[in-house]
Structure formats: structure tokens, C-alpha cells
Amino acid sequence: MASISGVPDRSVKLHLTPVEALDLAGKHIAVVGGTDGLGRAIAKLAVSRGARVLVVGRTFRDAGATNLEFAKADLSSMEEARRIGRELPVTLDALLLTTGIMAAKTREVTADGIERDLAVSYLSRLALLRELAPRVEAASRKAPLRVFVMGFPGAGNLGDASDLNAERKYEAMAAHMNTVAGNEALVLDGKERYTFMELFGLNPGLVKTNIRSNYLGEGSLVHRTVEGLIGLLAKSPETYARRVLPLLVAPELKGRSGVMFNAKGRAILPTAGLDHRALISASEKLLQSGR
């Protein structure tokens with residue numbers, strides 16, 4: 006298995022603008038999952054650099070903030086994800102897909118019959134993009150829409166396309182790795198499928214957020230202890246936001262759809278041996294069965 010930092014992709018040469026000098030005035034960015042955790046940190050930083058930002062999630066925590074808009078959605082529902090895909094502005098400069106949880110110790114299923122982590126952390130993104138894509142194509146944009154997919158790409162997780170929904174056998178970490186592999190597959194599929202959108206993968210590594218609460222039990226002693234240790238050892242959401250925000254407008258990424266980035270914002274290679282076509286095919290079948 007590859008290192009969690011990934012294998013460097015030396016074909017990508019970046020000269021990123023420091024956050025302090027980054028001017029995002031006139032840019033319109035959407036952050037799906039931007040109401041908490043990493044998504045919220047990125048959204049707030051983008052606003053501070055002059056961007057107009059739309060955040061999508063269940064609970065808005067920044068009411069009254071200038072240049073920050075909110076769209077309410079429960080992204081465990083595939084129909085809600087499709088609705089957002091039908092409603093997002095096609096004039097966006099960048100779209101970040103950051104919504105995520107971790108699989109629970111006991112299998113949880115949404116109303117669509119989909120394992121909950123898979124639904125929230127991956128399939129909602131696929132459903133959203135499948136609705137958004139034809140609208141972006143019809144808009145005849147001057148430049149492709151940049152889409153950044155947060156997950157854990159380049160770290161060697163292959164997933165199991167034959168049991169993507171963890172119905173035959175359930176183990177929490179294995180189920181979560183299906184969402185990880187699915188998100189990397191989404192980027193690689195987008196590279197092949199779209200000329201009017203450019204997709205990139207983001208691997209934030211270990212960050213202190215609430216993503217582990219579903220697995221550890223929100224507010225439990227174990228949860229509090231683990232998050233306390235992570236807070237001491239790992240970077241904050243704000244630190245990661247500073248590393249990733251310049252990527253959204255990096256000119257070197259023009260025409261480089263499919264590139265993945267590690268926790269330091271450095272380009273890494275995709276996971277070797279990942280069968281993205283099999284994963285996307287299994288995903289499409291799940292979306293159809295949930296209609």
C-alpha cells in the first residue's frame with residue numbers, strides 16, 4: 006500500500022500564491038459540506054480573501070457573514086444531492102465536495118437503502134455531479150469548472166466494487182475504504198468523461214474535525230480522548246485550508262484534470278491498480294436502485 010502521503014507526481018510543477026497575497030475578488034465558489042469542519046474552514050478563508058461563497062449542508066453556523074450564502078440539504082438523501090446539482094450556479098469558478106463521515110461500528114442504512122457513509126461521503130457527490138454536468142456543458146463556459154473532491158486519494162485504497170454497499174459483509178473500516186476508493190474513482194472518471202469540468206482529488210490527511218464521531222460515538226469518552234490527542238498531534242482545519250485554497254485558482258492546473266494532492270497541497274499519483282471504471286459502474290447501479 007502506498008504511503009498515506011502518496012507518491013509524488015513530479016510532472017506537476019506548482020508556484021502557488023501565498024494565502025496572504027491571494028486575491029479572490031470576483032470569484033464564486035461553492036463548498037458542499039461547508040457548514041462544518043474542513044469545508045467550513047475553507048469557505049471562511051475564501052471569503053476573507055474576497056470570494057463569494059455558497060455553502061451547502063444541514064446547519065448554517067455563520068449567519069450574517071458577508072459574502073457567505075447557505076443552501077440547506079441533507080446529503081444522505083440521493084434526491085437531495087440531485088436537487089443541489091440542479092440548483093448550483095453554472096457560473097461557479099470552483100466547487101469543493103467535502104461532506105463526509107466515517108462508517109459506524111454497526112451498519113447504518115439510509116432511506117435509499119445505501120450504507121450511510123457511502124451515501125454521505127461519496128454517492129451524494131456522484132449524484133450531484135451527474136445532475137450538474139449537463140447544465141455546465143450547456144452553459145458554454147469560457148473555462149472548465151474546477152471541482153475538488155475531498156477524500157483520501159493516492160494512499161493505496163482499492164475498495165470492493167463487488168460489494169460497494171457492504172451488504173455481504175460489514176466491517177466499518179472496510180466500508181469506509183469503499184467511500185475513499187469511490188471518491189478517487191470519481192476524479193479519474195471525471196478526467197475521462199468531461200471536457201467542461203476539471204476534477205482534482207484532495208487528501209487532507211489527519212485533521213482535527215468531527216468526522217470520526219459517527220464511528221467513535223459522538224461525545225463519548227473515547228471520542229473526546231481521541232480527538233484531544235489528534236488536536237495535539239495533527240493540523241487544524243484552518244492550517245489545511247491555507248494549504249489548499251491557492252490550488253483553486255492555480256494557473257498550472259489548467260488542463261490537468263485528474264491530479265491528486267496530499268495534505269501539504271503537493272501533487273501525488275493516483276492509487277496504482279484502482280479500477281475506477283468498475284467502481285463507477287457499481288455506483289451508478291446503486292444510484293439507479295435507490296430511485
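Per this note's numbering, the very first residue in the sequence shown carries number 6; after that it's consecutive. All C-beta atoms in this analysis are idealised placements derived from N, C-alpha and C, irrespective of residue type, glycine included.
So is residue i in contact with chain C if we call contact Cβ pairs under 8 Å?
i   : result
D98 : No chain C appears in this structure, which consists of one protein chain only.
Would you list the one or two residues that DSSP bridges to residue i?
i    : result
F75  : V60
F205 : F153
F266 : L207, A272
P13  : I273
Near residue i, what residues of its chain come up, given a Cβ to Cβ distance below 6 Å and the 5 sequence neighbours on each side ignored?
i    : result
V17  : V264, A272
R135 : none
M6   : Any answer about M6 is weak, because its pLDDT of 44 lies below 50 and its placement is not dependable; what the coordinates show is given next. Taken in chain order, the residues that qualify are G161.
L253 : A99
S262 : K196, E203, L204
A246 : A46, I47, L50
N188 : Y127, V154, G156
R282 : none
I9   : A160
Just to confirm, are residue i and residue j a CB contact at a threshold of 8 Å?
i    : j    : result
N267 : G159 : yes
V152 : L93  : no
P251 : V24  : yes
L133 : G195 : no
L131 : A180 : no
G11  : T40  : no
A68  : S129 : no
A287 : A166 : yes
L291 : I119 : yes
K32  : A56  : yes
G224 : R248 : no
L193 : V125 : no
Tell me whether residue i sits in a helix, a strand or coil according to DSSP, three-state version.
i    : result
H306 : With the chain running from 6 to 296 in the structure shown, residue 306 is simply not present.
V185 : helix
M6   : Its pLDDT being 44, under 50, M6 is placed unreliably by the model, and the measurement read from it follows with that caveat. Here M6 sits in coil by DSSP.
V249 : helix
A35  : strand
K240 : strand
F256 : The question names Phe, but residue 256 in the sequence shown is Pro. Of the three classes helix, strand and coil, the one that applies to P256 here is helix, per DSSP.
A272 : strand
V212 : strand
L292 : helix
K49  : helix
D28  : coil
A179 : helix
K196 : helix
D280 : coil
L234 : helix
S286 : helix
V166 : In the sequence as presented, Val is not what sits at residue 166; that position holds Ala. DSSP places A166 in helix when its eight states are reduced to three.
G44  : helix
R261 : coil
A160 : coil
R229 : helix
A70  : coil
Can you list, in chain order, the residues of its chain whose CB lies under 7 Å from that of residue i, leaving out five sequence neighbours each side?
i    : result
L59  : A35, E74, A76
V141 : V95, L150, F201, M202
A186 : N162, L163, G164, L279, L284
M182 : N162, G164
F65  : T40, F75
N170 : I119, E120, L123, L291
Please return the same chain residues whose Cβ sits closer than 8 Å to the Cβ of residue i, not counting the five positions on each side in sequence.
i    : result
L43  : T103, M155, P209, V212, T214, P242, Y245, A246
T276 : A7, P158, G159, A160, G161, N162, L163, A186, E189
Residue ranges of each beta strand (DSSP E) run of no fewer than 3 residues wholly in the region 75-154, ordered along the chain? 99-102
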